[in-house]
Amino acid sequence: MKTSRNNLRLHRKKRIRAKVKGDSKTPRLAIFRSLKGISVQVIDDTKGATLVFGSLKEIKNAGNNLEGAKKLGILIAKKCTEKKISTVV
Numbered sequence: 002m003k004t005s006r007n008n009l010r011l012h013r014k015k016r017i018r019a020k021v022k023g024d025s026k027t028p029r030l031a032i033f034r035s036l037k038g039i040s041v042q043v044i045d046d047t048k049g050a051t052l053v054f055g056s057l058k059e060i061k062n063a064g065n066n067l068e069g070a071k072k073l074g075i076l077i078a079k080k081c082t083e084k085k086i087s088t089v090v
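Just so we're aligned, residue 2 is where the sequence shown starts under the working numbering, counting upward by one.
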């Protein structure tokens, strides 16, 4: 059976989620890269809640993927410091 891109992504997600768990002190950083953009979430797994979210759609003049990823990282860091989150898993 030929594996599709989505099936490979789901296997990768399952493998990572088995190893990495986030809590309120050190939440989990989840990054999703699609063909059109990048989205980032900071997740508390004990509550099952997303604490911080950001995507390239929020950034004006994001440029290409490399420049946009740098700007998105800065945006997520600012949002995390506003919510007093200093470390992530």
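Using N, Cα and C, we set each Cβ at its ideal position, and we do this for glycine too.
Keep in mind the model is a prediction, meaning the values are calculated, not measured.
Taking the beta strand (DSSP E) that residue i falls in, what are its first and last residues?
i: Leu30; result: 29 to 34
i: Asp45; result: 39 to 45
i: Ser56; result: 50 to 56
Counting along the chain, where does the alpha helix (DSSP H) carrying residue i start and finish?
i: Gly69; result: 66 to 83
i: Leu9; result: 6 to 20
Could you name the residues of the same chain whose beta carbon sits closer than 7 Å to that of residue i, not counting the 5 residues immediately before and after it, in chain order?
i: Asp46; result: Lys22, Gly23, Asp24, Arg29
Between residue i and residue j, what straight-line distance do the alpha-carbon atoms span, to the nearest angstrom?
i: Asn8; j: Arg34; result: 15 Å
i: Ser1; j: Ser40; result: It is not possible to answer for residue 1, since the shown part of the chain is limited to 2 through 90.
i: Ile44; j: Asn66; result: 23 Å
i: Ala78; j: Thr4; result: 35 Å
i: Lys26; j: Ile17; result: 19 Å
i: Lys15; j: Glu83; result: 30 Å
Shortest alpha-carbon distance to residue i belongs to which of the options?
i: Ser87; options: Asn65, Leu11, Leu52; result: Leu52
i: Arg96; options: Leu76, Leu36, Cys81, Glu59; result: No information on residue 96 is available, as it lies outside the stretch 2 to 90 that the chain covers here.
Excluding the 5 residues preceding and the 5 following residue i in the sequence, name in chain order all residues of the same chain whose CB lies nearer than 6 Å to its CB.
i: Gln42; result: Ala31, Thr51, Phe54
i: Leu76; result: Gly55
Can you give me the Cβ contacts of residue i inside the same chain, cut-off strictly under 8 Å, excluding the 5 residues immediately before and after it?
i: Gly69; result: Gly38, Ile39, Leu57, Ile60, Ala63
I'd like to know whether the C-beta of residue i is nearer than 9 Å to at least one C-beta of chain D.
i: Leu52; result: The chain inventory of the structure shown lacks chain D, comprising one protein chain alone.
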